[in-house]
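Engineer: Numbering (this note's numbering), first residue to last: 10 to 416. By construction, the Cβ of each residue, glycine as well, lies at the ideal position given by its N, Cα and C atoms. The structure that follows is given in the form of structure tokens.
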């Protein structure tokens, strides 16, 4: 009964349970087979092992230098991994991904890769302004692999500069990468607004350029600079007003989050996890990912399918190549155990695929009704004295408005 309840709903812990189960089974199977003096090709099994370690969702952190993006990432992974904005940086995009070993790679603009340790001293050689002024080292991107229990649930993070980066190569890299992320956290430094409320045009331009409706989370960091409770209340009211005035409210599924990321990070490094704004952000991002982004779940379920096929293939090969009857029986039992666990997950997979299909059908029906209402309203607004759209006007009526103008 408990196992049935566990598999009723997707949640971060469930994803971690599935990934852990798969990891244990695959690792044990590889170890057993490698101890045999049998000519078996384990490349597919090892590739599946690598796939399990990869993230199934990518979350981008976007914002100007010194907004506190790195501190937010460090808080979300509960580990010091992204160099904090104490010293000025060049705005190099940085990927934080789960890995079996901690390491870093520097990708240059000529596609050369420089490997190194996942340490601040190495990374700062390429991202700190005093060591790479004006990006004269021609760095395109930094990737850091870390071991983190939080990331093993299926997340990776991308620390991106603002979208107005002076380096055209970096700007192009960021814009292209943002097309494929599953969620975007846009961070604004609230400390710069304590002496006078403002919402600079650059913030509006950045948010509009993201063009990812409903998957952007707006975060105002460094709220500890606001010491007067009434000032905080007035500031939040001002932001709500500006978002409506600038027609930005529709970009967000959740209201803005106002936080002190450094405090959250310090607490988490002490092992203290409070119900603060950082935890609220985590919860909202996961709710969004599991409700609206099904590709990650499909990837995980595809791994289940691949592992099942490979287990069946290896079982057939063992029956032909292992002469020792007792050893053959033991290994066959190992594979049967793996296949038994996989069959339980496959039942769950079929159920979730059916749910996703229903969700897609309902979503398409809703979008269809939105379109019909939108264009019916548009046509009714055409004066009886005006001609209806002709063959040239009809494409213009539809072009570029299907998603942006629907209610």
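Strictly by DSSP, which residues pair up with residue 106?
Structural biologist: Counting from 1 along the chain shown, the entry for residue 106 is found at position 97. Answer by DSSP bridge pairing, in chain order: 154.
Engineer: Just how far apart, CA to CA, sit residue 132 and residue 78?
Structural biologist: The residue labelled residue 132 in the question sits at position 123 within the chain shown. The residue labelled residue 78 in the question sits at position 69 within the chain shown. Cα to Cα, the separation comes out at about 16 angstroms.
Engineer: Looking only at its own chain, which residues have a Cβ that is under 7 angstroms from the Cβ of residue 277, when we skip the five neighbours before and after it?
Structural biologist: Locating residue 277 in the chain shown gives position 268, where the first residue counts as 1. Cβ neighbours of residue 277 beyond the five flanking positions: 84, 87.
Engineer: Can you give me the C-alpha to C-alpha distance between residue 262 and residue 195, rounded to a whole angstrom?
Structural biologist: One-based indexing of the chain shown puts residue 262 at position 253. One-based indexing of the chain shown puts residue 195 at position 186. Rounded to whole angstroms, residue 262 to residue 195 spans 13 angstroms at the Cα level.
Engineer: Answer with buried or exposed for residue 205, where buried requires no fewer than 16 other C-beta atoms within 10 angstroms of its C-beta.
Structural biologist: To locate residue 205, count along the chain shown from 1; it is residue 196. By the 10 Å Cβ count, residue 205 comes out exposed.
Engineer: Any contact between the stretch 179 to 186 and the stretch 160 to 171? By contact I mean 3 or more CB pairs, one from each, below 8 angstroms.
Structural biologist: Result yes; three or more Cβ-Cβ pairs closer than 8 angstroms.
Engineer: Looking only at its own chain, which residues have a Cβ that is under 6 angstroms from the Cβ of residue 273, when we skip the five neighbours before and after it?
Structural biologist: Within the chain shown, numbered from 1, the residue matching residue 273 stands at position 264. Counting only Cβ-Cβ distances below 6 angstroms, and skipping sequence neighbours, we find 84, 285, 287.
Engineer: Within its chain, find whatever has a CB closer than 7 angstroms to the CB of residue 396; leave out the 5 residues flanking it on each side and keep chain order.
Structural biologist: Indexing the chain shown from 1 puts residue 396 at position 387. For residue 396, where only same-chain residues beyond five positions count, there are no Cβ hits under 7 angstroms.
Engineer: Looking at the unbroken alpha helix (DSSP H) that takes in residue 132, where does it start and where does it end?
Structural biologist: The residue labelled residue 132 in the question sits at position 123 within the chain shown. Element bounds for residue 132: 129 to 136.
Engineer: Can you give the Cα-Cα distance for residue 123 and residue 378, rounded to whole angstroms?
Structural biologist: In the chain shown, counting from the first residue as 1, residue 123 sits at position 114. In the chain shown, counting from the first residue as 1, residue 378 sits at position 369. The straight-line gap from Cα to Cα measures roughly 52 angstroms.
Engineer: How far does the beta strand (DSSP E) with residue 74 in it extend, from its first residue to its last?
Structural biologist: Taking the chain shown and counting its residues from 1, one reaches residue 74 at position 65. First-last for residue 74: undefined, no H or E at that position.
Engineer: Three Cβ pairs or more, each shorter than 8 angstroms: is that satisfied between the stretch 264 to 273 and the stretch 228 to 237?
Structural biologist: With the cut-off at 8 angstroms, the stretch 264 to 273 and the stretch 228 to 237 touch.
Engineer: Return the chain-ordered ranges of every beta strand (DSSP E) run that is complete within the stretch 231 to 299 and spans a minimum of 3 residues.
Structural biologist: Within the stretch 231 to 299, no complete beta strand (DSSP E) run reaches 3 residues.
Engineer: Can you tell me whether residue 162 is buried or exposed, with buried defined as 16 or more other CB within 10 angstroms of its CB?
Structural biologist: For the purposes of this step, residue 162 is taken as the residue at position 153 of the chain shown. Counting Cβ neighbours within 10 Å, residue 162 comes out buried, since at least 16 surround it.
Engineer: Fully enclosed by the stretch 166 to 215, which beta strand (DSSP E) runs are 3 residues long or longer?
Structural biologist: The stretch 166 to 215 contains these whole beta strand (DSSP E) runs: 192 to 198.
Engineer: Between residue 111 and residue 154, how many whole angstroms is the CB-CB distance? I'm expecting something under 8 angstroms.
Structural biologist: Indexing the chain shown from 1 puts residue 111 at position 102. Indexing the chain shown from 1 puts residue 154 at position 145. Yes, residue 111 and residue 154 are in contact; Cβ-Cβ is about 6 angstroms, under 8 angstroms.
Engineer: Taking DSSP as the reference, what is the three-state secondary structure of residue 95?
Structural biologist: Within the chain shown, the letter at position 86 stands for residue 95. The predicted position of residue 95 is uncertain, since its pLDDT is 46 and thus under 50; a value taken from the coordinates is nonetheless stated next. If DSSP states are grouped into helix, strand and coil, residue 95 belongs with coil.
Engineer: Quick check: the Cα distance between residue 202 and residue 252, rounded to an integer number of angstroms?
Structural biologist: Counting from 1 along the chain shown, the entry for residue 202 is found at position 193. Counting from 1 along the chain shown, the entry for residue 252 is found at position 243. Taking the straight line joining both Cα atoms gives about 16 angstroms.
Engineer: Any heavy atom of the ligand HEM within a distance shorter than 6 angstroms of the CB on residue 139?
Structural biologist: For the structure depicted, the ligand HEM is absent and the ligand set is empty, with no information on it obtainable.
Engineer: Based on Cα-Cα distance, which residue from 113, 76, 177, 160 lies nearest to residue 200?
Structural biologist: For the purposes of this step, residue 200 is identified with residue 191 of the chain shown, where counting begins at 1. Comparing Cα-Cα distances from residue 200 to each of 113, 76, 177, 160, the minimum goes to 76.
Engineer: Tell me, which residues are paired with residue 148 by DSSP?
Structural biologist: Locating residue 148 in the chain shown gives position 139, counting from the first residue. Looking at the DSSP assignment, residue 148 forms a beta bridge with 117.
Engineer: Would residue 257 and residue 216 qualify as a contact pair, given that the criterion is a beta-carbon distance under 7 angstroms?
Structural biologist: By 1-based counting over the chain shown, the position of residue 257 is 248. By 1-based counting over the chain shown, the position of residue 216 is 207. Going by C-beta atoms, residue 257 is nearer than 7 angstroms to residue 216.
Engineer: Can you give me the Cβ contacts of residue 108 inside the same chain, cut-off strictly under 6 angstroms, excluding the 5 residues immediately before and after it?
Structural biologist: By 1-based counting over the chain shown, the position of residue 108 is 99. If we look at residue 108 and ignore the five residues flanking it on each side, its Cβ neighbours are 154.
Engineer: Less than 7 angstroms between the beta carbons of residue 135 and residue 146, yes or no?
Structural biologist: As a first step, residue 135 is located in the chain shown; it is residue number 126 there, counting from the start. As a first step, residue 146 is located in the chain shown; it is residue number 137 there, counting from the start. Going by C-beta atoms, residue 135 is nearer than 7 angstroms to residue 146.
Engineer: Mind checking which residues open and close the beta strand (DSSP E) that includes residue 163?
Structural biologist: Here residue 163 refers to the residue found at position 154 of the chain shown. Counting along the chain, residue 163 falls outside any beta strand (DSSP E), and DSSP gives it neither H nor E.
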